[in-house]
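**Student:** One structure, pasted below without further comment.
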């Protein structure tokens with residue numbers, strides 16, 4: 005799925021940026037395709053994905069979960085990557101690109117902390133200075149990942165403005181990038197932001213669907229959680245024009261779509277501009293961004309990547325939402341059936357299984373985007389509420 009020359013996917017995307025960001029954006033625009041296509045970059049990146057990240061990630065047939073639901077369920081085990089999620093695919097690629105461009109300082113934003121950990125890891129490996137902006141609320145609820153980033157040498161800066169979550173961390177990272185353009189590279193963690201970031205991140209995450217095509221004949225469904233949408237775009241990338249495969253994105257409904265506490269930008273939002281891109285946003289009647297809510301810090305973002313907005317409008321992918329409660333229940337089901345503790349983000353994709361009524365011979369791939377170590381406190385606090393009927 006490629007953008008046009010102005011960075012649009014249909015009517016979504018683009019680069020709605022202030023003049024102060026123009027130089028940064030143009031420098032990246034001119035550099036990213038030549039670097040991605042260069043033999044030296046490909047060799048370094050692919051070698052590190054194999055020997056450092058541990059790719060290809062396995063495609064696991066979840067026999068017990070399949071028996072429970074009555075159809076075939078496979079888990080794409082991105083949780084087994086080094087650092088515990090799909091985020092390392094992107095952070096490592098962009099950090100290598102920064103080195104190629106002569107940058108010495110890396111900045112990043114993070115919500116759940118997985119992108120921050122992956123970026124801190126890549127910077128330690130490549131000997132780059134690393135600064136991670138993280139909403140103060142997320143610093144508190146994702147403290148294990150904050151400690152990991154700090155142990156890896158990153159400086160974690162709590163953001164105390166706004167809702168103190170991912171949106172606000174992104175705002176601060178953009179301000180930093182404006183003020184330190186000469187030596188700084190901004191590693192965005194999802195398929196959001198101004199062009200070319202959605203395209204750049206999608207290309208780096210497309211390794212997921214590239215591997216899937218080698219691991220299994222066309223599945224009936226691929227299901228992935230959606231915040232900004234990078235793990236989903238990685239899983240969908242090579243199947244977007246394949247009519248045999250149904251692509252399903254699962255948003256965070258929070259307390260419910262009409263509760264006022266949701267992060268489902270497609271279901272509860274409308275088009276607008278955020279962080280340099282035209283896409284679906286959570287906003288009020290005056291166009292002001294409204295505060296999202298999800299039990300998962302990684303899905304607690306008021307927008308969605310422009311590629312997903314176009315896939316939604318075109319019908320090439322379908323998008324649904326599940327609540328906090330449904331995600332928690334799905335996580336405990338996976339723990340009890342397969343001995344796997346998923347990230348709360350991934351649990352949203354797992355929760356959609358309850359809404360599927362398929363034949364025994366039909367197959368579903370769940371992109372298990374991350375592991376749940378970072379979410380143990382949240383799981384423990386809800387353990388008594390979950391009915392272990394399974």
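In the numbering used here, the protein residues as written are 5 to 394. For each residue, glycine too, the CB sits at the ideal point set by N, CA and C.
1) Pick out the complete alpha helix (DSSP H) segments inside the stretch 130–161, 4 residues or longer, and give them in chain order.
2) When the Cα atoms are used, what is the spatial distance from residue 227 to residue 9?
3) Using the rule of at least 16 other Cβ atoms within 10 Å of the residue's Cβ for burial, across every protein chain shown, is residue 92 buried or exposed?
4) For residue 70, which residues from the same chain have a beta carbon less than 6 Å from its beta carbon, with the 5 sequence-adjacent residues on both sides left out?
5) I'd like the list of long-range same chain contacts for residue 394, defined as Cβ closer than 8 Å, with 5 residues on each side in sequence excluded.
6) Ordered along the chain, which non-local residues of its own chain (more than five positions away) have a Cβ less than 7 Å from that of residue 48?
7) What whole-angstrom Cβ distance do residue 223 and residue 368 have, given they're in contact under 8 Å?
8) Locate the alpha helix (DSSP H) running through residue 201, then write down its first and last residues.
9) Check this for me: beta carbons of residue 290 and residue 296, under 9 Å apart or not?
10) Enumerated in chain order, which unbroken segments of the beta strand (DSSP E) with a length of 3 residues or greater are wholly contained in the stretch 260–314?
11) Using a Cβ-Cβ cut-off of 8 Å (strictly less than) and excluding sequence neighbours within five positions of residue 28, which residues of its own chain qualify?
12) Just mark residue 80 as buried or exposed, buried being the case when its beta carbon has 16 or more other beta carbons within 10 Å.
13) Using only CA atoms, which one of 22, 159, 174 lies nearest to residue 165?
14) Sort 113, 141, 201 by Cα distance to residue 135 and report the nearest one.
15) If you drop the 5 nearest sequence neighbours on each side, which residues of the same chain put their C-beta closer than 6 Å to that of residue 302?
16) From which residue to which residue does the beta strand (DSSP E) around residue 367 run?
17) Please report the straight-line C-alpha distance between residue 211 and residue 50, rounded to a whole angstrom.
18) What residue range does the alpha helix (DSSP H) around residue 69 cover?
19) If you draw a straight line from the alpha carbon of residue 326 to that of residue 259, how long is it in whole angstroms?
20) Please state the DSSP three-state secondary structure of residue 253.
21) Answer with buried or exposed for residue 23, where buried requires no fewer than 16 other C-beta atoms within 10 angstroms of its C-beta.
22) Hey, residue 201 and residue 253 are a contact pair by Cβ (cut 8 Å); roughly how many whole angstroms apart?
23) Taking residue 325 as part of the beta strand (DSSP E), name the residues at either end of that continuous run.
24) Can you give the beta carbon distance from residue 256 to residue 119, rounded, assuming they're within the 8 Å contact cut?
25) Please state whether the Cβ-Cβ distance between residue 269 and residue 261 is less than 9 Å.
26) Please list, in chain order, all residues of the same chain as residue 187 whose beta carbon is under 8 Å from its beta carbon, the five residues on each side excluded.
27) What distance in whole Å lies between the Cβ atoms of residue 277 and residue 20, which are believed to be in contact at a cut-off of 8 Å?
28) For residue 240, list the residues DSSP reports as bridge partners.
29) Would residue 283 and residue 244 qualify as a contact pair, given that the criterion is a beta-carbon distance under 9 Å?
30) Output the distance between the C-alpha atoms of residue 140 and residue 161, rounded to the nearest integer angstrom.
**Tutor:** So, from the data block:
1) 140–145, 147–155
2) 30 Å
3) buried
4) 76, 77
5) Unreliable positioning characterises residue 394 in this predicted model, as indicated by a pLDDT of 44, which lies under 50. A coordinate reading is not provided.
6) 100
7) 7 Å
8) 201–209
9) no
10) 274–278, 281–285
11) 181, 182, 185, 190
12) buried
13) 174
14) 113
15) 115, 116, 231, 349
16) 367–372
17) 10 Å
18) 67–73
19) 9 Å
20) strand
21) exposed
22) Wrong, their Cβ atoms sit about 19 Å apart, outside the cutoff.
23) 322–327
24) That pair is no contact at about 17 Å.
25) no
26) 107, 108, 109
27) 5 Å
28) Per DSSP, none; premise fails for residue 240.
29) no
30) 9 Å
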